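Heads up, the thing below is written out as structure tokens.
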Amino acid sequence: MANRLPSITIQGDRELKALLEQIPGTLFKECEQGIKAVAKPVIASARRRLKKGHGYLTGQLKKSLGVRKILKYPSEGKIVMYIGAREGFATVSENGKKHDPARIAHLVEFGHKLATGGQVEEKPFLRPAIDEHRGTFSSVFADKIKKILEKRAGK
Numbered sequence: 023m024a025n026r027l028p029s030i031t032i033q034g035d036r037e038l039k040a041l042l043e044q045i046p047g048t049l050f051k052e053c054e055q056g057i058k059a060v061a062k063p064v065i066a067s068a069r070r071r072l073k074k075g076h077g078y079l080t081g082q083l084k085k086s087l088g089v090r091k092i093l094k095y096p097s098e099g100k101i102v103m104y105i106g107a108r109e110g111f112a113t114v115s116e117n118g119k120k121h122d123p124a125r126i127a128h129l130v131e132f133g134h135k136l137a138t139g140g141q142v143e144e145k146p147f148l149r150p151a152i153d154e155h156r157g158t159f160s161s162v163f164a165d166k167i168k169k170i171l172e173k174r175a176g177k
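Quick note: the sequence shown uses the numbering used here, first residue 23, plus one each step.
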């Protein structure tokens, strides 16, 4: 059986999708700032949820959380954002073992089986953070875009 990485997909609510469809293509790159504004409280909440024993041996998992990638599809009125453990935060412990948060975050979030038998319990940190802020996505995005447009109009 192939080892498939778990994924979390967040579909924008109807209000957010309607907002995206109204944005002209020339303003679409400014939407990245709006999307990042949506991500900030989610990332902060996920970091607060990481405690000792939650993949928190070196603190690098906590530091690595951020926006991994943003993909923009203006013709479809769609922006896709990936939040999670980013590359570039790997460390090597005193015993020479590599610790790469980008490669273990999903194991902490969803749990995993041990090679020696047994199971490591899931310790969700990202899913609850997303759920906590899900109701604010549209308003945070709209507020940020409004500020950008007002600033642009003032030039």
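The beta carbon of each residue, even a glycine, is placed where N, CA and C say it ideally should be. All figures in this text were calculated on a predicted structure; none of them were measured in a lab.
Nearest-angstrom Cα separation, counted from A175 out to I65: Cα to Cα, I65 sits roughly 31 Å from A175.
Would you say the segment 85-99 touches the segment 130-141, given that touching needs at least three Cβ pairs under 8 Å? No, they do not touch.
Can you list, in chain order, the residues of its chain with a C-beta nearer than 7 Å to that of G118? Leave out the 5 residues immediately preceding and following it. Answer for G118: no residue qualifies.
Between the beta-carbon of K59 and the beta-carbon of S86, is there less than 8 Å? The sequence given here has Ala at residue 59, not Lys. Not a contact, by the Cβ cut-off of 8 Å.
Curious, which full-length alpha helix (DSSP H) runs of at least 4 residues does the segment 88-160 contain? 123-132, 148-155, all fully within the segment 88-160.
Return helix, strand or coil for L72, following the three-state DSSP convention. Correct three-state label for L72: coil.
Cut-off 7 Å between Cβ atoms - residues of its own chain near E14, not counting five sequence neighbours on either side: Absent from the structure is residue 14, since the part of the chain shown begins at 23 and ends at 177.
Please confirm whether E52 and I170 have their CB atoms less than 8 Å apart. Contact: yes.
When you compare each of K73, L83, E144 to H121 by their alpha carbons, which one comes out closest? Minimum Cα distance to H121 is reached at L83.
Quick check on DSSP: helix, strand or coil for G56? Of the three classes helix, strand and coil, the one that applies to G56 here is helix, per DSSP.
Under 8 Å, do V89 and A61 count as touching if we go by C-beta distance? Result yes, Cβ atoms of V89 and A61 sit closer than 8 Å.
Selection from A137, K73, V102 that minimises the alpha carbon distance to K145: Here the closest residue by C-alpha is K73.
Just checking my contact of G56 with F163 at CB under 8 Å: how many whole Å lie between their CB atoms? Between F163 and G56 the Cβ distance is about 4 Å, and since that is below 8 Å, they are a contact.
Which whole-angstrom value is the C-beta distance of V142 and L136, which I expect to be below 8 Å? Yes, they are in contact, since the Cβ atoms of V142 and L136 sit about 6 Å apart, within 8 Å.
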